[in-house]
Each structure stands twice: as structure tokens, then as C-alpha cells.
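Each remark here refers to the structure printed beneath this line.
Residue numbers (our numbering): 13 to 227.
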């Protein structure tokens with residue numbers, strides 16, 4: 013059978029899948045043994061403005077600073093005072109273009125510190141894949157209603173969801189700062205729904221669009 017070449021190829025990656033996939037690919041650069049996070053900033057023309065992953069500051073030895081989550085010697089002997097988060101690195105590593113009006117794709121829901129950086133950079137939307145730390149204070153930093161947001165669309169994980177235009181809002185596991193200032197979308201939830209509609213057995217964990225295996 014001859015292949016019909018009169019139209020474009022079907023099944024190409026959507027922009028969301030492409031940029032989230034890039035965020036996951038960027039996360040693979042992280043040296044963190046427990047959590048690898050990637051972030052990708054994109055402008056309105058779907059051009060990449062910056063990428064980043066969680067890691068030690070530039071010119072700081074990955075071998076000399078600690079990577080543990082706990083230490084009997086105290087906080088200074090853990091990774092937390094030293095590691096730079098993916099979202100912050102993406103903002104700091106961006107090209108000459110402003111991040112104002114952009115959106116950011118991140119594999120993990122931003123903490124309150126990164127939320128402040130995202131807002132200050134002028135980023136208008138956050139698309140995230142996982143919110144596994146939603147019960148932490150750094151994620152709850154911020155849970156509140158959407159009042160005060162100026163035309164921002166919101167969509168987060170699916171607990172107590174309420175329809176709102178093309179998205180849905182969630183009152184239990186989003187960031188107060190982010191929801192008050194800009195839009196949030198859960199890419200992972202949408203991807204699971206898409207796989208289900210396609211007749212594929214939805215995995216408990218997200219599958220990257222180009223490789224049908226759990227992350």
C-alpha cells in the first residue's frame with residue numbers, strides 16, 4: 013500500500029509533551045541521588061528561553077559537598093543548604109531574552125522559594141508533572157483561593173476539582189503564591205487521561221510520550 017504523503021504526519025508530539033519531555037531529559041543531568049528535577053522556560057512563540065536542573069552551584073565540587081537528606085551532624089551536613097533548584101537554575105541560565113510572559117515546564121511542583129523566583133521573573137504559567145511533595149510545608153506555603161489573579165488560568169492535580177474554563181482548580185495541593193499570581197497546569201494528569209482515552213491501560217505513573225514506560 014502506498015503511503016499517503018498529501019498531509020502532515022499524524023501523532024507528532026504536542027508542544028506540551030515536547031517541552032515536558034525536555035524537562036525530564038534535563039533532569040537526567042542532575043547528580044542528586046534521591047531526586048532529579050528538570051525545568052524548561054518557553055516563550056509565547058514556543059522558543060526555549062532557559063533550562064535547568066537541580067544541582068550544586070557552579071564551581072562547587074559535587075564530591076565535596078553533601079548529598080544526603082539527613083545527617084546526625086545537623087542541617088549543614090545535608091544537601092539542602094547547598095543545592096540550587098531546577099526552576100531557579102532555569103531562570104539564571106536563561107538566554108538574553110526576558111522570562112516575562114513565559115511559561116515554565118517542571119517535572120516537580122515548585123517549592124515556595126522557587127515560586128517567588130518564578131513570579132519575580134514574570135513567568136505567567138507553570139506546567140508540572142508531579143506534586144509528590146504536596147504535603148510539605150514548602151509546597152503548602154501557599155494554598156489559597158484564586159482571587160487577585162489577573163486572567164490567569166489554573167489547573168492542578170485532581171483533588172476536589174472545580175471546572176474553570178478549560179482547566180480546573182484544586183484547593184488542597186497547589187501553591188498560594190503561584191495560584192494567586194499565575195496559572196498552573198498538571199501535565200501528568202492530562203497525559204494519563206489522554207492514554208486512557210486512547211484505549212491504553214493507564215499506568216500509575218506518568219509515561220513519557222515517546223517511550224511508553226513508567227518514569
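Note that the Cβ used here is the ideal one computed from N, Cα and C, for glycine as well.
Of the residues 74, 35 and 23, the one whose Cα lies closest to the Cα of residue 115 is 35. Under the three-state reduction of DSSP, residue 132 is assigned to helix. No Cβ-Cβ contact shorter than 8 Å links residue 54 with residue 106. By the neighbour-count criterion, in which a residue is buried when 16 or more other Cβ atoms sit within 10 angstroms of its Cβ, residue 92 is exposed.
Residue 98 carries a helical assignment under DSSP once its states are collapsed to helix, strand and coil.
Within the segment 15-88, the runs of alpha helix (DSSP H) that reach at least 4 residues and sit entirely inside it are, in chain order, 27-39. Across the set 79, 65, 41 and 100, the C-alpha of 100 shows the shortest separation from the C-alpha of residue 134. The beta carbons of residue 64 and residue 95 sit no closer together than 8 Å.
Taken through DSSP and simplified to helix, strand or coil, residue 111 comes out as coil. Restricting attention to 97, 126 and 131, the CA atom closest to the CA of residue 110 is found in 131.
Excluding the 5 residues flanking it on each side, residue 140 has same chain C-beta neighbours closer than 6 Å at 118 and 121, in chain order. One alpha carbon belongs to residue 80, the other to residue 104, and they sit about 25 Å apart. Following the DSSP letters along the chain, one finds residue 140 inside the beta strand (DSSP E) bounded by residues 137-142. Note on geometry: alpha-carbon atoms of residue 38 and residue 50 lie some 5 Å from one another. Under the three-state reduction of DSSP output, residue 198 falls in the strand class.
Straight-line spacing of the CA atoms in residue 30 and residue 85 works out to 43 Å.
Around the beta carbon of residue 197, 16 or more other beta carbons lie within 10 angstroms, which makes this residue buried.
Relative to the Cα of residue 90, the nearest Cα in the group 52, 46 and 129 belongs to 46. Taking residue 142 as reference, the option from 41, 48, 23 and 20 with the minimal CA-CA separation is 48. Ranked by Cα distance from residue 88, the first of 77, 123 and 28 is 77.
Here residue 82 has 90 as same chain residues with Cβ atoms under 7 Å from its own Cβ, once five neighbours each way along the sequence are excluded.
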